[in-house]
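Colleague:
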Amino acid sequence: MVQNDGLTRADTYATANSVQTGNDTYDATLYSYQFLSGRTTATTTITGTNSGDEDLSLGTPVYALSQGIGNYASGVTKTGHLTADTQQISTADRVEAITEVNAPNNAIYVSGEGNAITEVNHTAYEATNGRLDSTAVQTSSTEARSNVSATVHYSPSPNAYNASATNNAYTAYSDDRGSQEHDVTQTASAMTQARAEVYAGNVWNMQANSTALGNNVNLENQGGSLVVTNDQTQSGLVQSQAVIQADEYGQAYATASGIGNQVSAGNNDIYVRLDNNQLSSGGVDVVASFEGATGWDGYVTADAVGNQAVAYACAECQADMGVSNTQVNNSDVNATATASVGRGRTIVSTARATGNSATFYVGN
0 MVQNDGLTRA DTYATANSVQ TGNDTYDATL YSYQFLSGRT TATTTITGTN
50 SGDEDLSLGT PVYALSQGIG NYASGVTKTG HLTADTQQIS TADRVEAITE
100 VNAPNNAIYV SGEGNAITEV NHTAYEATNG RLDSTAVQTS STEARSNVSA
150 TVHYSPSPNA YNASATNNAY TAYSDDRGSQ EHDVTQTASA MTQARAEVYA
200 GNVWNMQANS TALGNNVNLE NQGGSLVVTN DQTQSGLVQS QAVIQADEYG
250 QAYATASGIG NQVSAGNNDI YVRLDNNQLS SGGVDVVASF EGATGWDGYV
300 TADAVGNQAV AYACAECQAD MGVSNTQVNN SDVNATATAS VGRGRTIVST
350 ARATGNSATF YVGN
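Position one of the sequence shown corresponds to residue 0 (numbering that gives the first Met the number 0), numbered consecutively onward.
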């Protein structure tokens with residue numbers, strides 16, 4: 000388009016297999032098997048075609064989203080008991096999301112945002128005043144790729160371009176007295192890659208954020224007990240890159256993070272048990288970079304972790320928390336943050352690389 004002074008928005012969703020279940024008041028049992036062998040791709044492109052010297056608007060504001068999911072399973076239980084046995088397997092070559100915002104001669108006003116989200120396997124639950132017992136196996140030999148790119152001539156507004164890629168994701172949440180017990184096994188043997196890149200002329204506030212996770216388990220409980228057995232193996236490379244290049248800039252943030260295996264189990268009540276086993280052998284490589292000619296503030300952060308485990312319980316509730324934790328990392332974990340500025344005020348560049356990280360605590 001040449002010019003649009005209103006909202007410009009484009010969203011693309013691609014999901015290969017999906018099952019959604021729920022039970023209210025009554026008890027239920029869920030058996031689910033999902034298998035993916037074909038490529039899944041979501042692509043969104045917004046292009047400005049202004050060829051004149053005037054800063055014509057690409058959108059006021061501009062939003063672009065691509066989401067690619069291979070296998071998705073979810074369950075919601077309310078005032079009941081859900082027993083779930085699920086298996087997700089992917090042998091496809093790739094699941095990917097690609098988002099492009101091209102405005103080499105256009106301006107973005109009010110705000111600009113581009114997102115690319117990729118998940119090969121995702122299982123998600125929610126419990127309200129009920130109980131959840133789940134056994135889940137997720138296996139992937141599929142590449143997970145998320146790429147977001149933006150070329151912006153001029154923007155006096157906040158802009159954020161975010162890429163997120165996860166090979167295996169397992170999440171559960173309870174918001175009211177929901178006891179949970181989980182037995183999760185995740186295996187990721189192919190690359191997980193996220194890249195966010197921005198090329199700008201004159202921008203006032205710009206972010207490029209990339210997150211890559213090989214295996215991820217995220218569990219939150221608001222009442223009752225939380226019992227977790229977790230086994231994660233990551234043998235495929237995890238790669239995350241965030242890049243910003245700007246001629247003139249106000250504030251620029253390039254942030255990249257990558258984790259081979261991640262588990263978080265938190266209960267805002269008394270009882271937590273976590274039996275955690277994590278093996279990272281595929282490597283984690285994280286790069287964040289910023290290059291600016293003339294401007295003010297640049298912030299560059301790269302954070303790489305092989306294995307990460309977090310568990311917490313409520314201190315005021317007189318917490319009862321027990322953890323058995325085994326983490327093995329036998330591959331390279333690299334984090335690189337670079338900044339190159341012709342003239343500016345502040346540059347903050349941070350790189351962190353951690354083989355194994357474990358945090359267990361009781362708190363509010």
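Quick reminder that beta carbons are idealized off the backbone N, C-alpha and C, glycines included.
Bear in mind that the values here come from a model prediction, so they are computed numbers and not experimental data.
What number of angstroms, rounded off, separates the C-alpha of E99 from the C-alpha of G222?
Modeller: Against the sequence shown, residue 99 aligns to sequence position 100. Against the sequence shown, residue 222 aligns to sequence position 223. So the alpha carbons of these two residues sit roughly 43 Å apart.
Colleague: Could you compute how far the alpha carbon of R8 sits from the alpha carbon of G113?
Modeller: Position 9 of the sequence shown, counted from the start, is the residue given in the question as residue 8. Position 114 of the sequence shown, counted from the start, is the residue given in the question as residue 113. If I take the Cα positions, the gap works out to 10 Å.
Colleague: Sorted by chain position, which residues of the same chain lie with C-beta nearer than 6 Å to S173's C-beta, five sequence neighbours on each side aside?
Modeller: Within the sequence shown, residue 173 is the residue found at index 174, counting from 1. Answer for S173: A126, N220, Q221, listed in chain order.
Colleague: Give me the residue from A143, L57, G341, I116 with the minimum Cα distance to S89.
Modeller: Locating residue 89 in the sequence shown gives position 90, counting from the first residue. Of the candidates A143, L57, G341, I116, the one whose C-alpha sits nearest the C-alpha of S89 is A143.
Colleague: Spatial neighbours of S110 within its chain, please: CB distance less than 6 Å, with the 5 preceding and 5 following residues excluded, ordered by chain position.
Modeller: Within the sequence shown, residue 110 is the residue found at index 111, counting from 1. Closer than 6 Å at Cβ, skipping near neighbours: P60, S156, P157.
Colleague: If you compare alpha carbons, which of S330, V283, N128, T293 is closest to L81?
Modeller: Along the sequence shown, read from residue 1 onward, the residue named residue 81 stands at position 82. Taking only the C-alpha atoms, the option nearest L81 is N128.
Colleague: Between which two residues does the beta strand (DSSP E) holding A357 run?
Modeller: Locating residue 357 in the sequence shown gives position 358, where the first residue counts as 1. Its beta strand (DSSP E) spans residues 345-362.
Colleague: Indicate whether N16 and Y71 have their beta-carbon atoms separated by less than 8 Å.
Modeller: Locating residue 16 in the sequence shown gives position 17, counting from the first residue. Locating residue 71 in the sequence shown gives position 72, counting from the first residue. Going by C-beta atoms, N16 is nearer than 8 Å to Y71.
Colleague: Which class does M190 belong to by DSSP, given the choice of helix, strand or coil?
Modeller: Taking the sequence shown and counting its residues from 1, the one referred to as residue 190 is at position 191. Three-state result, M190: coil.
Colleague: What does a CB cutoff of less than 6 Å around N284 pick up in its chain, not counting 5 residues either side in sequence?
Modeller: Reading the sequence shown from its first residue, position 285 is the one you call residue 284. Here residue 284 is Asp; the residue named in the question, Asn, does not match the sequence. Excluding positions up to five away in sequence, the list reads Q238, N333.
Colleague: Taking the alpha-carbon positions, what's the E315 to I45 distance?
Modeller: For the purposes of this step, residue 315 is taken as the residue at position 316 of the sequence shown. For the purposes of this step, residue 45 is taken as the residue at position 46 of the sequence shown. Cα to Cα, the separation comes out at about 51 Å.
Colleague: Opposite R366 in the DSSP bridges: which residues?
Modeller: Beyond the ends of the chain as shown, which are 0 and 363, falls residue 366; an answer cannot be given.
Colleague: Nearest to D10 by alpha carbon, out of A115, L225, N204?
Modeller: Residue numbering aside, residue 10 sits at position 11 when the sequence shown is read from its first letter. When each option's Cα is compared against that of D10, the closest is A115.
Colleague: In this structure, how does DSSP classify D230 when only helix, strand and coil are distinguished?
Modeller: Within the sequence shown, numbered from 1, the residue matching residue 230 stands at position 231. Strand, per DSSP.
Colleague: Measure the Cβ-Cβ separation of V119 and N49 and say whether it is below 8 Å.
Modeller: For this step, residue 119 is matched to residue 120 along the sequence shown. For this step, residue 49 is matched to residue 50 along the sequence shown. Contact flag unset, no.
Colleague: Can you tell me whether L6 is helix, strand or coil according to DSSP?
Modeller: Position 7 of the sequence shown, counted from the first residue, corresponds to residue 6. In the structure shown, L6 sits in coil (DSSP, three-state: anything other than H, G, I, E or B).
Colleague: Within a Cβ cutoff of 6 Å, which residues of the same chain sit near D246, ignoring the five residues on either side of it in sequence?
Modeller: In the sequence shown, the residue the question calls residue 246 occupies position 247. G200, A292.
Colleague: Under the three-state reduction of DSSP, which class applies to V147: helix, strand or coil?
Modeller: The residue labelled residue 147 in the question sits at position 148 within the sequence shown. Note: V147 maps to strand in three-state DSSP.
Colleague: Who does R272 pair with in a DSSP beta bridge?
Modeller: Reading the sequence shown from its first residue, position 273 is the one you call residue 272. Note: R272 sits in a beta bridge opposite V226, G321.
Colleague: Could you work out which residue in T184, L55, N161 is closest to D274 when comparing CA atoms only?
Modeller: Locating residue 274 in the sequence shown gives position 275, counting from the first residue. Closest option to D274, Cα to Cα, is T184.
Colleague: Just how far apart, CA to CA, sit Q66 and A41?
Modeller: Translated into positions along the sequence shown, residue 66 becomes position 67. Translated into positions along the sequence shown, residue 41 becomes position 42. Taking the straight line from one Cα to the other gives about 6 Å.
Colleague: So is R344 buried or exposed if we call it buried at 16+ other beta carbons inside 10 Å?
Modeller: On the sequence shown, residue 344 is found 345 positions in, with the first residue counted as 1. Burial call: exposed.
Colleague: What does the alpha-carbon distance come out to for the pair S139 and A159?
Modeller: Counted from its first residue, the sequence shown places residue 139 at position 140. Counted from its first residue, the sequence shown places residue 159 at position 160. If I take the Cα positions, the gap works out to 30 Å.
Colleague: Could you compute how far the alpha carbon of D26 sits from the alpha carbon of S256?
Modeller: Locating residue 26 in the sequence shown gives position 27, counting from the first residue. Locating residue 256 in the sequence shown gives position 257, counting from the first residue. The alpha-carbon atoms of D26 and S256 are separated by roughly 40 Å.
Colleague: Looking at the structure shown, is E53 part of a helix, part of a strand, or coil, going by DSSP?
Modeller: On the sequence shown, position 54 is the one that residue 53 refers to. If DSSP states are grouped into helix, strand and coil, E53 belongs with coil.
Colleague: Following the continuous beta strand (DSSP E) through Y298, name the residue where it begins and the one where it ends.
Modeller: What you label residue 298 is simply residue 299 of the sequence shown in a count that begins at 1. Segment 283-313, the beta strand (DSSP E) holding Y298.
Colleague: Tell me which residues share the same chain as Q87 and place their Cβ nearer than 6 Å to its Cβ, disregarding the 5 neighbours each side in the sequence.
Modeller: For the purposes of this step, residue 87 is identified with residue 88 of the sequence shown, where counting begins at 1. Hits under 6 Å: Q33, N70, N120, Q137.
Colleague: Verify whether the separation of the beta carbon atoms of N301 and A336 is less than 8 Å.
Modeller: Position 302 of the sequence shown holds residue 301. Position 337 of the sequence shown holds residue 336. Residue identity check: residue 301 is Ala in the sequence provided, not Asn. A contact, by the Cβ cut-off of 8 Å.
Colleague: Can you tell which of A350, N329, V322 has its C-alpha closest to the C-alpha of A357?
Modeller: As a working note, residue 357 is residue 358 in the sequence shown. The option with the nearest alpha carbon to A357 is V322.
Colleague: Alpha carbons only, please: which of T24, N104, G294, Q19 is nearest the one belonging to G51?
Modeller: Translated into the one-based positions of the sequence shown, residue 51 becomes position 52. Checking every option, the nearest Cα to that of G51 belongs to N104.
Colleague: Does the beta carbon of D274 come closer than 8 Å to any beta carbon on chain C?
Modeller: You won't find chain C in this structure, because it holds only one protein chain.
Colleague: Going by DSSP, what residue range makes up the beta strand (DSSP E) through R38?
Modeller: Here residue 38 corresponds to residue number 39 of the sequence shown, with the count starting at 1. Element bounds for R38: n/a, residue is neither H nor E.
Colleague: Consult DSSP for N329 and reduce its assignment to one of helix, strand or coil.
Modeller: Against the sequence shown, residue 329 aligns to sequence position 330. Three-state result, N329: coil.
Colleague: Roughly how many angstroms lie between the CA atoms of V18 and G74, to the nearest whole one?
Modeller: Mapped onto the sequence shown, residue 18 falls at position 19. Mapped onto the sequence shown, residue 74 falls at position 75. One C-alpha to the other measures close to 9 Å.
Colleague: Do you know whose CA, among G235, N208, G362, V202, lies nearest D319's CA?
Modeller: Numbered from 1 along the sequence shown, position 320 holds the residue referred to as residue 319. Nearest C-alpha to D319: G362.
Colleague: Within 10 angstroms of the Cβ of N329, are there 16 or more other Cβ atoms? Answer buried if so, exposed if not.
Modeller: Within the sequence shown, the letter at position 330 stands for residue 329. N329 comes out exposed.
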